[in-house]
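Peer 1:
Protein chains in written order, with this note's numbering: chain A, 39 to 364; chain B, 75 to 291.
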């Protein structure tokens, strides 16, 4: 079964073709990073304008690279949310028109379900149930994945998402957008020698709070004279502290759920230091390959396949939802 | 000879409007304001179905490219692109100011859309000609006075009450409602005013870009 996946929730216009939810035939991603760089972050109106300019060509390219025709597609999957409403509406509107014209099922996919499903593309042996930790610009949440597309939230951030905290620390340190990869790069040159607060919240809690750590970086930066600021050390200290917290919470979540498999997904999961630090957990740890770790159409097609298997299709009145819950 | 069959829609203002032409114009509209994202495709489907057509019976898809609501423009255009890609039916775009003049005859027809803070998207067709612009309504009034034309001016648009007072500086004018929006889109296409260059007509940069440019970056 061949699914076309379309993703436009933020600053990537992406489309991909996936066979049977597991096999990636093509993936095309048009990144808007250079467009948003002058603004230090994603500007929703500018992102929306770029999506509508690119979507047609991106979808066509995905078909071409897979060597498939539109008639061979069995369904059109699209990110319904969460994300930026203007960008989401471009993908949803396009997918609705396309599915209608092709007389194929339309499938509305949750962006986070997509991030988890990216792992199905890389690991044939991975099947629910398992524990999932999603770390992205908008989310930092634990889920008990009971079945394909069936999630129970176990806890999540009470303030900043981890990716958001990375972006804010990047801004404090004067690094350009997108901040996450920049902090990671700088941290490689530094030592984690600054002491930052280890916010663990109540005993046994699977919630996170990252805003205090981010503020501590800001206070540290402001306190030091420009000549004394070891930015690389600050980046390394921040990164190691947040990942230490993530690791301890993850160990706790594994105990609480008795799972022996965990999927770590979302844009932050592309961080090499995170991947390294999670090696010795008491479970099999899955990280998606870097090529499908950040936003892409393949993960949406993958998740869409399992929804279609369950008969979960969307109607023509489908609307994008910025705050869609899982 | 059979008539060319045309499907058109306009989602750049508050009303979601669909029209099918098959020798006659069949108009379909929803009454909710700015419900395009959820309503456009069901309305397209209902329009086709009520005339016992399928999408494949159409020879052309024509969409309103703006100016107007940025989000509305993109919902219409994205939908049209998807429909066209999946069906192989060619897609065309028309200027949404031009398409709004068709319901009315007159020597000076001026379609307008509220662009907030005293600004309008507008254009003037007829004895006084003015290309599509985004600017203060008061400037338009001054230009119309300076033109010296005595012809009646027809302002065409929705929700323009805020501009009625300023327009009183003109002696001979009327405000008329924009209507049958998608029908106008088809009429513009039939007069050869459509383009295959399917880029939105915003007439205004994103605000963040305006601010950045103001800083001289």
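Built from N, CA and C at the ideal position, the CB exists for glycine as well.
Quick check for students: name the residue ranges of the alpha helix (DSSP H) that lie wholly in the segment 210-286 of chain A, counting only runs of 4 or more.
Peer 2: DSSP runs (the alpha helix (DSSP H)) wholly in the segment 210-286 of chain A: 217-225 and 249-261.
Peer 1: Within the segment 115-157 of chain B, note down every full alpha helix (DSSP H) run reaching 4 residues or more, in order along the chain.
Peer 2: Listed in chain order, nothing qualifies, since the segment 115-157 of chain B has no complete alpha helix (DSSP H) run of 4 or more residues.
Peer 1: Out of A:205, A:241, A:323 and A:347, which has the shortest C-alpha to C-alpha gap to residue 367 of chain A?
Peer 2: This structure cannot settle anything about residue 367 of chain A, because the visible part of chain A is limited to 39 through 364.
Peer 1: Quick check on this structure: which residue in B:264, B:282, B:180 and B:286 has the alpha carbon closest to the alpha carbon of residue 98 of chain B?
Peer 2: Looking at the Cα atoms, B:264 is the closest of the given residues.
Peer 1: Starting from residue 83 of chain A, find everything on chain E with Cβ-Cβ shorter than 8 angstroms and list it in chain order.
Peer 2: Of the chains in the structure shown, none is chain E; the protein chains are A and B.
Peer 1: In this structure, does DSSP put residue 211 of chain B in helix, strand or coil?
Peer 2: Residue state, collapsed to three classes: helix.
Peer 1: Just how far apart, CA to CA, sit residue 441 of chain A and residue 190 of chain A?
Peer 2: Outside the modelled stretch of chain A, which goes from 39 to 364, sits residue 441 of chain A, for which no answer is possible.
Peer 1: What's the call for residue 66 of chain A, buried or exposed, on a 16-neighbour Cβ count within 10 Å?
Peer 2: Classification for residue 66 of chain A: buried.
Peer 1: Would residue 110 of chain B be called buried (16 or more neighbouring beta carbons within 10 Å of its own) or exposed?
Peer 2: Buried, because 16 or more other Cβ atoms sit within 10 Å of the Cβ of residue 110 of chain B.
Peer 1: Mind listing the chain A neighbours of residue 191 of chain B? Cutoff is C-beta to C-beta under 8 angstroms, in chain order.
Peer 2: Result: empty, since nearest Cβ-Cβ is about 17 angstroms, beyond 8 angstroms.
Peer 1: Please go through the segment 109-145 of chain A and give each complete alpha helix (DSSP H) segment of 4 or more residues, from N-terminal end onward.
Peer 2: The segment 109-145 of chain A contains these whole alpha helix (DSSP H) runs: 123-140.
Peer 1: Alpha carbons only, please: which of B:101, B:172 and B:148 is nearest the one belonging to residue 273 of chain B?
Peer 2: If we check each option's Cα against that of residue 273 of chain B, B:148 comes out closest.
Peer 1: Determine the closest residue to residue 57 of chain A out of A:162, A:153 and A:47, with distance taken between C-alpha atoms.
Peer 2: Measuring from the Cα of residue 57 of chain A, the nearest candidate turns out to be A:162.
Peer 1: For residue 65 of chain A, does the three-state DSSP call read helix, strand or coil?
Peer 2: Residue 65 of chain A: strand per DSSP, three-state reduction.
Peer 1: Between A:49, A:76, A:113 and A:197, which lies nearest to residue 68 of chain A when the distance is taken from Cα to Cα?
Peer 2: Ranking the options by Cα distance to residue 68 of chain A, first place goes to A:49.
Peer 1: Checking 8 angstroms against the spacing of the C-beta atoms, do residue 123 of chain B and residue 182 of chain B come in under that value?
Peer 2: Cβ distance not < 8 angstroms, so residue 123 of chain B and residue 182 of chain B don't count as in contact.
Peer 1: Under 8 angstroms: do the segment 155-174 of chain B and the segment 132-140 of chain A share three or more Cβ pairs, one atom per stretch?
Peer 2: As far as the Cβ criterion goes, the segment 155-174 of chain B touches the segment 132-140 of chain A, which means the pair count is three or higher.
Peer 1: Within 10 Å of its beta-carbon, does residue 338 of chain A have 16 or more other beta-carbons around it, so buried, or fewer, so exposed?
Peer 2: Looking at its Cβ environment, which holds 16 or more other Cβ atoms inside 10 Å, residue 338 of chain A is buried.
Peer 1: Since residue 94 of chain A is in the alpha helix (DSSP H), which residue starts that stretch and which ends it?
Peer 2: Residues 82-104.
Peer 1: Consider the Cβ of residue 206 of chain B: report whether some Cβ of chain A lies at a distance smaller than 8 angstroms.
Peer 2: Chain A contact via Cβ: absent.
Peer 1: Taking all protein chains shown into account, do 16 or more other C-beta atoms lie within 10 angstroms of the C-beta of residue 64 of chain A, making it buried, or fewer, making it exposed?
Peer 2: The residue is buried, with at least 16 neighbouring Cβ atoms inside 10 Å.
Peer 1: Pull up the DSSP beta-bridge partners for residue 302 of chain A, would you.
Peer 2: BP columns for residue 302 of chain A point to A:171.
Peer 1: Which value, in whole angstroms, describes the spacing of the CA atoms of residue 353 of chain A and residue 342 of chain A?
Peer 2: One C-alpha to the other measures close to 14 angstroms.
Peer 1: With 16 as the cutoff for other CB atoms within 10 Å, does residue 261 of chain A come out buried or exposed?
Peer 2: Under this definition residue 261 of chain A is an exposed residue.
Peer 1: Give the interface partners of residue 126 of chain B over in chain A, defined as CB-CB distance under 7 angstroms, in chain order.
Peer 2: Those within 7 angstroms of residue 126 of chain B in chain A number zero; the least Cβ separation is about 17 angstroms.
Peer 1: Taking only three categories from DSSP, how would you classify residue 167 of chain B?
Peer 2: Of the three classes helix, strand and coil, the one that applies to residue 167 of chain B here is strand, per DSSP.
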